[in-house]
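Novice:
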Amino acid sequence: MVTVEGRESAVAVVGMGCELPSARGPRELWRLLAQARDAVGPGRAGTGLRQAGHIDGAGCSDLTRFGIDPDEAAWLDPQQHLLLRVAYDAIADAGLDPAGIAGSPTAVCVGQSASDYGADRR
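One point on numbering: in UniProt numbering, the residue at position 105 of the sequence shown is 105, and numbering is uninterrupted.
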């Protein structure tokens, strides 16, 4: 139960999604954790990083299904690509049709870190 504006409301987590280094989705994350594997590896050439956790294809989503023009998508922070992909995955994991929940009291809760992607594009 969660209290919102003085009223208790039930909250149900019915779908999950995640995309992390070496883990595309919750099942892969649990497998990574169960195997005690480290997803951090050598940094890519030219980044100045000795070690990093990389998510391959982070900014390579086809965002037309979200109504985002390919030219606009080219300027989006790769984390925004990931956010849309993972939110879609969470809805699908719940067994819901994304088009079918439009206008319903449905929420997707998100955790994301800051990025300097925009500053790097200038």
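The C-beta atom is built at its ideal place from N, Cα and C for all residues, glycine as well.
Using beta-carbon positions only, say whether residue 15 and residue 25 come within less than 8 Å of one another.
Specialist: Working through the sequence shown from its first residue, we reach residue 15 at position 15. Working through the sequence shown from its first residue, we reach residue 25 at position 25. Contact: no.
Novice: Could you give the residue range of the beta strand (DSSP E) that holds residue 72?
Specialist: The residue you call residue 72 lines up with position 72 of the sequence shown. Careful: residue 72 lies outside any beta strand (DSSP E), inside the alpha helix (DSSP H) at 70-73.
Novice: Which parts of the stretch 14-41 are runs of the beta strand (DSSP E), unbroken and 3 residues or longer, counting only runs that do not cross its ends?
Specialist: Taking only runs of at least 3 residues, no beta strand (DSSP E) segment lies wholly in the stretch 14-41.
Novice: Would you kindly check if the distance between the Cβ of residue 21 and the Cβ of residue 53 is under 8 Å?
Specialist: For the purposes of this step, residue 53 is taken as the residue at position 53 of the sequence shown. For the purposes of this step, residue 21 is taken as the residue at position 21 of the sequence shown. Yes.
Novice: CB of residue 23 to nearest heavy atom of the ligand NAD: below 7 Å?
Specialist: This structure simply doesn't include the ligand NAD, nor any ligand for that matter.
Novice: Measuring alpha carbon to alpha carbon, tell me which residue in 48, 51, 12 is nearest residue 108.
Specialist: Reading the sequence shown from its first residue, position 108 is the one you call residue 108. When each option's Cα is compared against that of residue 108, the closest is 12.
Novice: Considering only the alpha carbon of each residue, which of 100, 89, 34 lies closest to residue 110?
Specialist: Counting from 1 along the sequence shown, the entry for residue 110 is found at position 110. The shortest C-alpha separation from residue 110 is found at 89.
Novice: Tell me the DSSP secondary structure of residue 87 in three-state form.
Specialist: By one-based count along the sequence shown, residue 87 stands at place 87. Helix, per DSSP.
Novice: Buried or exposed, going by whether 16 or more other CB atoms sit within 10 Å of the CB of residue 19?
Specialist: Start at 1 with the first residue of the sequence shown, and residue 19 comes out as number 19. Answer is buried; the Cβ neighbour count reaches 16.
Novice: Give every residue of the same chain whose Cβ lies closer than 8 Å to the Cβ of residue 98, excluding the five residues on either side of it in the sequence, and list them in chain order.
Specialist: Within the sequence shown, numbered from 1, the residue matching residue 98 stands at position 98. Excluding sequence neighbours, residue 98 sits near 88, 91, 92.
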